[in-house]
Amino acid sequence: MRICVWNENRHEQKNQKVREIYPEGIHGTIYKFLIEEGHEVVTGTLDEENHGLSDDLLNKTDVLIWWGHLAHDEVEDKWVDKIQQRVLEGMGILVLHSAHFSKIFKRLMGTSCDLKWREADDRERLWVIDPTHPITSGLGSYIELEKEEMYGEHFDIPTPDELLFVSWFEGGEVFRSGATYKRGRGKVFYFRPGHETYPTYHNKEIQTVIKNAVQWLKVTDTHQPTYGNHEPIETILKKD
Ligand code: ZN
113 MRICVWNENR
123 HEQKNQKVRE
133 IYPEGIHGTI
143 YKFLIEEGHE
153 VVTGTLDEEN
163 HGLSDDLLNK
173 TDVLIWWGHL
183 AHDEVEDKWV
193 DKIQQRVLEG
203 MGILVLHSAH
213 FSKIFKRLMG
223 TSCDLKWREA
233 DDRERLWVID
243 PTHPITSGLG
253 SYIELEKEEM
263 YGEHFDIPTP
273 DELLFVSWFE
283 GGEVFRSGAT
293 YKRGRGKVFY
303 FRPGHETYPT
313 YHNKEIQTVI
323 KNAVQWLKVT
333 DTHQPTYGNH
343 EPIETILKKD
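Start counting the sequence shown at 113; every next residue gets the next number (the working numbering).
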């Protein structure tokens, strides 16, 4: 399994508090616990040449993980086109937290992907809605995060194929925090937690979800359908 962890990596450069929580960047933390699982993992960040992406890298990637917030607009459209194309061909994509507003997620959803938000140290409880799903394997009834940013409904996404988590926030809101989709031959999973000023990606249960998600997102059936004009399989009887 080849995974690319992509991170905008701007908060880490601007904010000392974020650097203290993620000294090697959010991508560095995610990279580490996925490498420990035995996966082949590379990282890419916005300020690298071509945003740290290449055609070769995307072609070899089974699952792309995407975190962004401040600079969605700086991601060049040509890379959004290429990532979308790879998803349609069967690359999995895990969209994290504020990447709900990334160009690629909005492209894949076709809706505004807007939501309510608040930074006020709300306690978050992510209730497991589908305990039979591979992505929720190994979890209890819920994951509790002592402090997180609040995201609240309405979340302007298409009705998910599968809803895996619903979050409750201390301030009273709820949110569809874990949603799966299929686009073309590829799978999409949106997972809400991960505001940069909280140590969310160090949480073992959050790591379990991400580890499970990359396994689920990898498409194992490599059959590519054919399209267009098609010769009949059986002889069609003349009807005159
Ligand atoms: Zn945030």
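Each residue gets a CB set at the ideal place from its N, CA and C atoms; glycine is no exception. Just so it is clear, the structure is predicted and the values come from calculations on it, not from any experiment.
- Counting of Cβ neighbours within 10 angstroms places H342 among the exposed residues, the total staying below 16.
- Annotated as proximal: E261 and W229, with beta-carbon spacing under 8 Å.
- For the pair W280 and R304, the Cα-to-Cα distance works out to about 12 Å.
- For secondary structure counted as the alpha helix (DSSP H) over 4 or more consecutive residues, the stretch 187 to 271 holds these complete runs in sequence order: 189 to 201, 215 to 221.
- The continuous stretches of alpha helix (DSSP H) do not include V331, and DSSP gives it neither H nor E.
- Taking each of E256, D268, G306, G204 in turn and checking the Cα distance to Q327, the smallest one comes out for G204.
- At a threshold of 7 Å, H209 counts as near the ligand ZN, since its beta carbon sits closer than that to one of the ligand's heavy atoms.
- Between H209 and W239, the gap from beta carbon to beta carbon reaches 8 Å or more.
- Around the beta carbon of I216, a 10 Å sphere encloses 16 or more other beta carbons of the protein chains shown; the residue is thus reported as buried.
- Cα atoms of V175 and V153: separation of roughly 10 Å, rounded to the nearest angstrom.
- Remark: the C-beta of E308 is in contact range of the ligand ZN, defined as less than 7 Å to any heavy atom.
- Not one heavy atom of the ligand ZN lies closer than 7 Å to the C-beta of E256.
- Sequence-distant Cβ neighbours of E274 in its own chain, meaning closer than 7 Å and more than five residues away, are D242, H245, T292.
- With fewer than three CB-CB distances shorter than 8 Å, the stretch 219 to 228 does not count as touching the stretch 316 to 324.
- Residue state for K144 is assigned as helix, using DSSP reduced to three classes.
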